[in-house]
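Visitor:
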Amino acid sequence: MAIDVKTTALLLLDLQNEMIDPNGKIGSGGLAKVVAERNVIGNAARALQAARSAGMVVVHVRLGFRDDYEDALSVAPRIARLKEHRAAIVGTWGTEFPEALAPHAQELVVTKQCVNPFFNTGLFAWLSHRGVKTIVIGGVVTNLVVESTARAADDAGLATIVLEDCCAAPNEQWHKFSVENILPMFAGVSSVSSVFG
Numbered sequence: 018m019a020i021d022v023k024t025t026a027l028l029l030l031d032l033q034n035e036m037i038d039p040n041g042k043i044g045s046g047g048l049a050k051v052v053a054e055r056n057v058i059g060n061a062a063r064a065l066q067a068a069r070s071a072g073m074v075v076v077h078v079r080l081g082f083r084d085d086y087e088d089a090l091s092v093a094p095r096i097a098r099l100k101e102h103r104a105a106i107v108g109t110w111g112t113e114f115p116e117a118l119a120p121h122a123q124e125l126v127v128t129k130q131c132v133n134p135f136f137n138t139g140l141f142a143w144l145s146h147r148g149v150k151t152i153v154i155g156g157v158v159t160n161l162v163v164e165s166t167a168r169a170a171d172d173a174g175l176a177t178i179v180l181e182d183c184c185a186a187p188n189e190q191w192h193k194f195s196v197e198n199i200l201p202m203f204a205g206v207s208s209v210s211s212v213f214g
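Residues 18 to 214 (the working numbering) make up the sequence shown, in order.
(1) Considering only C-alpha positions, which residue in the set Ala53, Arg98, Val78, Val107 is nearest to Arg154?
(2) Is it the case that the stretch 105-123 contacts the stretch 26-43, given that we only count it when at least three CB pairs across the two stretches are under 8 Å?
(3) Give me the Cα-Cα distance between Pro134 and Ile152, rounded to the nearest whole angstrom.
(4) List the endpoints of the continuous beta strand (DSSP E) containing Val163.
(5) Can you give me the start and stop residues for the alpha helix (DSSP H) that Lys50 sits inside?
(6) For Ala49, which option in Phe203, Asn160, Pro187 has the closest C-alpha, if you only look at C-alpha atoms?
(7) Along the chain, where does the alpha helix (DSSP H) containing Leu125 start, and where does it finish?
(8) May I ask which residues mark the beginning and end of the alpha helix (DSSP H) holding Ile106?
(9) Does the distance from the C-beta atom of Lys150 to that of Thr138 stay below 9 Å?
(10) Would you call the CB atoms of Val107 and Arg83 closer than 9 Å?
(11) How many angstroms separate the CA atom of Ala97 from the CA atom of Ser208?
(12) Taking the CB atoms as reference points, tell me whether Val74 and Thr25 lie closer together than 9 Å.
(13) Going by DSSP, name the residue or residues bridged to Ser207.
(14) If you draw a straight line from the alpha carbon of Pro39 to that of Gly174, how long is it in whole angstroms?
(15) Quick one: what's Gly72 bridged to in DSSP?
(16) Please state whether DSSP places Arg63 in a helix, a strand or coil.
(17) Where does Arg168 fall in DSSP's three states?
(18) How would you call Asp21, buried or exposed, if buried means at least 16 neighbouring beta carbons within 10 angstroms?
(19) For a test of the three-state rule: what should DSSP assign to Leu99, helix, strand or coil?
(20) Apart from the five residues on each side of it in sequence, which residues of its chain come closer than 6 Å, Cβ to Cβ, to Phe203?
Written out as structure tokens, the structure reads:
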């Protein structure tokens, strides 16, 4: 799948310690195990290195809240669970990225308080200012942040490519259903090798 590196950005979504590390408050519930089995970190690191080598725009997106969660607007049950476990608080280990995916100084880090990385973050304007017309995305979880990003990007007129091998969900059924039935309505579904060689 050919991309124009001058108008394409790589967005890595919620690939932070809280989600993908076995010691993370979310990852410890089984997500980190699936991430490891699917080699999501290794695949995302390959995509990141390739994007950097090509001079592409790179964005790291993470979920992060104030200590008092006053910025958590969603009333969904999953947010209550985050609060209960004191998860994803900005400034803690959980909102940091693993060494293999650590942002470089010139790369944007977006901290969001909901599923959609474009909501209340200025991300779309930031990408538009840089001439980005296509985004290549991967992250966790497939049926939440990846789907939400693809939907919002499509609404905003951005072409989207999902790196399936850089995504995971707590169980394979959710991931497979999203990749086979939902994401193709908003994005191209591909792999690191197909996009970056």
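The beta-carbon is built from N, C-alpha and C at its ideal position, and this holds for glycine as well.
Guide: Looking at the coordinates:
(1) Numbered from its first residue, the sequence shown carries residue 154 at position 137. Note that residue 154 is Ile in the sequence shown here, rather than Arg. Ile154 has its Cα closest to that of Val78, out of Ala53, Arg98, Val78, Val107.
(2) yes
(3) Within the sequence shown, numbered from 1, the residue matching residue 134 stands at position 117. Within the sequence shown, numbered from 1, the residue matching residue 152 stands at position 135. The alpha-carbon atoms of Pro134 and Ile152 are separated by roughly 13 Å.
(4) The count along the sequence shown starts at 1 and reaches residue 163 at position 146. No beta strand (DSSP E) contains Val163, which DSSP labels as neither H nor E.
(5) On the sequence shown, residue 50 is found 33 positions in, with the first residue counted as 1. Counting along the chain, the alpha helix (DSSP H) containing Lys50 begins and ends at 48-54.
(6) As a working mapping, residue 49 is identified with position 32 in the sequence shown. Measuring from the Cα of Ala49, the nearest candidate turns out to be Pro187.
(7) Along the sequence shown, read from residue 1 onward, the residue named residue 125 stands at position 108. Element bounds for Leu125: not the alpha helix (DSSP H) but the beta strand (DSSP E), 125-129.
(8) In the sequence shown, the residue the question calls residue 106 occupies position 89. Counting along the chain, Ile106 falls outside any alpha helix (DSSP H), and DSSP gives it neither H nor E.
(9) Indexing the sequence shown from 1 puts residue 150 at position 133. Indexing the sequence shown from 1 puts residue 138 at position 121. Not a contact, by the Cβ cut-off of 9 Å.
(10) Taking the first residue of the sequence shown as 1, we reach residue 107 at position 90. Taking the first residue of the sequence shown as 1, we reach residue 83 at position 66. Against a cut-off of 9 Å, the Cβ pair of Arg83 and Val107 comes out as a contact.
(11) Taking the first residue of the sequence shown as 1, we reach residue 97 at position 80. Taking the first residue of the sequence shown as 1, we reach residue 208 at position 191. Using only the alpha carbons, I get a separation of about 34 Å.
(12) On the sequence shown, residue 74 is found 57 positions in, with the first residue counted as 1. On the sequence shown, residue 25 is found 8 positions in, with the first residue counted as 1. In this structure, Thr25 lies closer than 9 Å to Val74 by Cβ.
(13) On the sequence shown, residue 207 is found 190 positions in, with the first residue counted as 1. Checking the DSSP bridge columns, you'll see Ser207 partnered with Leu180.
(14) Against the sequence shown, residue 39 aligns to sequence position 22. Against the sequence shown, residue 174 aligns to sequence position 157. The alpha-carbon atoms of Pro39 and Gly174 are separated by roughly 37 Å.
(15) Sequence index remark: in the sequence shown, residue 72 carries index 55 (1-based). None, per the DSSP bridge assignment.
(16) For the purposes of this step, residue 63 is taken as the residue at position 46 of the sequence shown. Helix, per DSSP.
(17) To locate residue 168, count along the sequence shown from 1; it is residue 151. In the displayed model, Arg168 falls within a helix according to three-state DSSP.
(18) Position 4 of the sequence shown, counting from 1, holds the residue named residue 21. The residue is exposed, with fewer than 16 neighbouring Cβ atoms inside 10 Å.
(19) Indexing the sequence shown from 1 puts residue 99 at position 82. Residue state, collapsed to three classes: helix.
(20) The residue labelled residue 203 in the question sits at position 186 within the sequence shown. Within the same chain, Phe203 has close Cβ partners Ala167, Arg168, Asp171.
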